[in-house]
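> To start, I am sharing the structure in question, which I have written as structure tokens.
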Amino acid sequence: MAFDFISARVAEKSAAGYLRARTCVEYEKDGIICVDGAHYLNFASNDYLGMRQHEGVLQSWVEGLAQFGAGSGASPLVTGYTQAHAALEGYLESHLNRDAVLLFNSGFAANQAICQALLKDNTRVLADKYMHASFIDGALASQAPFRRFAHNDMSHLATLLEKGEGDCLVATEGVFSMDGDVPPVSELVSLCQTHNAWLMLDDAHGFGVLGENGLGTAELDGLSQHALPVLMGTFGKAVGTAGAFVAGSQAFINYLINEARHYIYSTAMPAAQAVATLYSLTAIAAGDERQKLFDNIALFRRLIKDSGLTVAASDSAIQPVLTDGPMQAMALSKALRERGIWVPAIRYPTVPKGTDRLRITLSASHNEQDIRALVDALQLARDTL
Ligand SMILES: Cc1ncc(COP(=O)(O)O)c(C=O)c1O
Numbered sequence: 000m001a002f003d004f005i006s007a008r009v010a011e012k013s014a015a016g017y018l019r020a021r022t023c024v025e026y027e028k029d030g031i032i033c034v035d036g037a038h039y040l041n042f043a044s045n046d047y048l049g050m051r052q053h054e055g056v057l058q059s060w061v062e063g064l065a066q067f068g069a070g071s072g073a074s075p076l077v078t079g080y081t082q083a084h085a086a087l088e089g090y091l092e093s094h095l096n097r098d099a100v101l102l103f104n105s106g107f108a109a110n111q112a113i114c115q116a117l118l119k120d121n122t123r124v125l126a127d128k129y130m131h132a133s134f135i136d137g138a139l140a141s142q143a144p145f146r147r148f149a150h151n152d153m154s155h156l157a158t159l160l161e162k163g164e165g166d167c168l169v170a171t172e173g174v175f176s177m178d179g180d181v182p183p184v185s186e187l188v189s190l191c192q193t194h195n196a197w198l199m200l201d202d203a204h205g206f207g208v209l210g211e212n213g214l215g216t217a218e219l220d221g222l223s224q225h226a227l228p229v230l231m232g233t234f235g236k237a238v239g240t241a242g243a244f245v246a247g248s249q250a251f252i253n254y255l256i257n258e259a260r261h262y263i264y265s266t267a268m269p270a271a272q273a274v275a276t277l278y279s280l281t282a283i284a285a286g287d288e289r290q291k292l293f294d295n296i297a298l299f300r301r302l303i304k305d306s307g308l309t310v311a312a313s314d315s316a317i318q319p320v321l322t323d324g325p326m327q328a329m330a331l332s333k334a335l336r337e338r339g340i341w342v343p344a345i346r347y348p349t350v351p352k353g354t355d356r357l358r359i360t361l362s363a364s365h366n367e368q369d370i371r372a373l374v375d376a377l378q379l380a381r382d383t384l
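Heads up: the sequence shown is residues 0 to 384, going by numbering that gives the first Met the number 0.
Dropping the structure here:
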């Protein structure tokens with residue numbers, strides 16, 4: 000039979016406890032999801048601020064639909080680029096102090112585009128070991144010599160930087176997606192400047208949450224375009240819509256418009272989505288959702304400490320609970336589900352082998368009772384294993 004490897008691979012994953020399956024959500028409201036007719040408190044969403052259900056975001060999307068229609072109808076270089084896209088780009092340019100911004104349909108596409116356009120056979124790329132798959136795969140698919148430095152290990156990065164010459168891109172994340180920790184930003188900036196390397200930040204999980212206006216790590220740490228030549232952020236997490244952007248110098252963005260195949264050969268983000276995204280960003284800057292999230296994180300950390308349970312060190316909305324392997328991670332996730340709590344088990348290859356975990360994500364839409372219910376359920380689930 001042709002393609003025999005398909006069933007063999009699935010069977011192998013299943014036997015090792017690594018088989019993946021989807022969950023079909025019937026609806027979601029106020030942090031509660033309905034699956035197979037049962038309701039669960041959702042601690043698995045990247046909607047850190049509850050913006051997905053924000054009335055103003057929904058309303059502005061509807062207004063965008065009335066003005067621009069459902070889809071964008073063409074790629075951006077044909078007729079898919081509208082005033083709505085330009086307005087969103089303009090907001091990000093002025094608030095992030097960047098020459099130019101380019102919108103992408105997803106963070107995955109943006110990372111792939113950065114790699115495809117920038118990584119030539121004479122460009123070196125050094126990425127944190129925990130960098131997201133969308134960047135790693137883009138770097139692996141390029142001709143560029145690619146090395147990964149140990150997670151947040153600046154002396155390892157310095158050693159790698161000293162070894163080579165020529166153009167070099169150093170890539171890391173603003174808030175690490177599976178661990179919730181952050182990189183040593185000022186050390187990264189100074190190492191890159193010393194070695195004349197470009198620093199790139201994938202701020203998928205910091206954007207929307209951190210900084211004075213919620214514009215992420217670059218805003219929080221006051222990172223100029225010079226210090227951070229390549230900034231990527233996504234709208235599908237804290238901003239509550241979908242899509243992504245890349246920000247940088249005018250020359251860099253002009254280059255991407257001409258060279259990035261994921262931009263040139265893909266139908267543009269629907270304009271209505273850009274309208275809703277811009278609304279969400281302004282609402283985040285003015286609203287109290289971020290403070291609610293920070294209060295929830297502090298409450299969770301305090302209750303966990305009192306309970307004697309251990310979670311990894313993280314001050315972000317992402318709170319990982321490490322387990323003894325994929326089977327235990329699955330069993331804990333199931334035990335929580337039986338108590339009305341939805342937390343997924345995250346297993347290899349999403350995280351390194353041996354670091355299978357529960358990935359708890361907190362949101363501004365949770366209340367104190369929800370967080371207490373989560374910690375109680377975690378304690379009970381641990382005790383019954
Ligand atoms: C760190 C990081 N980068 C990029 C992406 C991809 O973004 P998107 O979901 O918009 O494709 C994700 C999504 O999971 C992510 O966590």
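The beta carbon of each residue, even a glycine, is placed where N, CA and C say it ideally should be.
Could you have a look at residue 214 and say whether DSSP puts it in helix, strand or coil?
The answer is coil: DSSP assigns residue 214 none of H, G, I, E or B.
> Give the DSSP-derived three-state secondary structure of residue 41 in the structure shown.
Of the three classes helix, strand and coil, the one that applies to residue 41 here is strand, per DSSP.
> May I ask you to report which of helix, strand or coil DSSP gives residue 247?
Residue state, collapsed to three classes: strand.
> How far does the alpha helix (DSSP H) with residue 280 in it reach, from first residue to last?
Note, residue 280: alpha helix (DSSP H), 270-285.
> For residue 131, is the beta carbon positioned less than 6 angstroms from some heavy atom of ligand 1?
Flag set: Cβ of residue 131 near ligand 1.
> Nearest to residue 354 by alpha carbon, out of 71, 66 and 329?
For residue 354, the nearest C-alpha among the options comes from 329.
> How would you write the range of the alpha helix (DSSP H) that residue 325 sits in, first residue to last?
Start and end: 325-336.
> Return helix, strand or coil for residue 140, following the three-state DSSP convention.
Correct three-state label for residue 140: helix.
> When the distance is taken between beta carbons, is residue 148 closer than 7 angstroms to residue 156?
Their beta carbons are under 7 angstroms apart, which means residue 156 touches residue 148 by this criterion.
> Closer than 8 angstroms by C-beta to residue 273: which residues in its own chain qualify, once you throw out the five before and the five after it? Chain order, please.
Here the set comprises 63, 81, 83, 84, 86, 87, 102 and 242.
> Helix, strand or coil, according to DSSP, for residue 75 in the structure here?
Helix, per DSSP.
> I'd like to check one pair, residue 95 with residue 217: are the Cβ atoms closer than 7 angstroms?
Their beta carbons are under 7 angstroms apart, which means residue 217 touches residue 95 by this criterion.
> Do you know offhand how far residue 66's Cα is from residue 118's?
Their backbone Cα atoms lie some 39 angstroms apart in a straight line.
> Is residue 103 near ligand 1 - that is, is its Cβ less than 6 angstroms away from at least one heavy atom of it?
No, ligand 1 has no heavy atom inside 6 angstroms of this Cβ.
> Taking 6 angstroms as the line, does the beta carbon of residue 233 fall inside it for any heavy atom of ligand 1?
Because some heavy atom of ligand 1 lies under 6 angstroms away, the Cβ of residue 233 counts as near it: yes.
> On a CA-only basis, which of 39, 26, 22 and 55 is nearest residue 277? Give me that one, please.
Among 39, 26, 22 and 55, the Cα nearest to that of residue 277 is on 55.
> From this set, 177, 352 and 303, which residue's C-alpha is nearest residue 325's C-alpha?
Closest option to residue 325, Cα to Cα, is 352.
> Given this structure, state the Cα-to-Cα distance separating residue 319 from residue 332, to the nearest angstrom.
Rounded to the nearest angstrom, the two C-alpha atoms are 12 angstroms apart.
> Between residue 343 and the rest of its own chain, which residues show a CB-CB distance below 8 angstroms, the 5 nearest in sequence each way excluded?
Excluding positions up to five away in sequence, the list reads 43, 332, 357 and 358.
> Give me the residue from 90, 170, 154 and 158 with the minimum Cα distance to residue 127.
Among 90, 170, 154 and 158, the Cα nearest to that of residue 127 is on 170.
> Hey, out of 178, 305, 253 and 237, whose CA is closest to residue 130's CA?
The shortest Cα separation from residue 130 among 178, 305, 253 and 237 belongs to 178.
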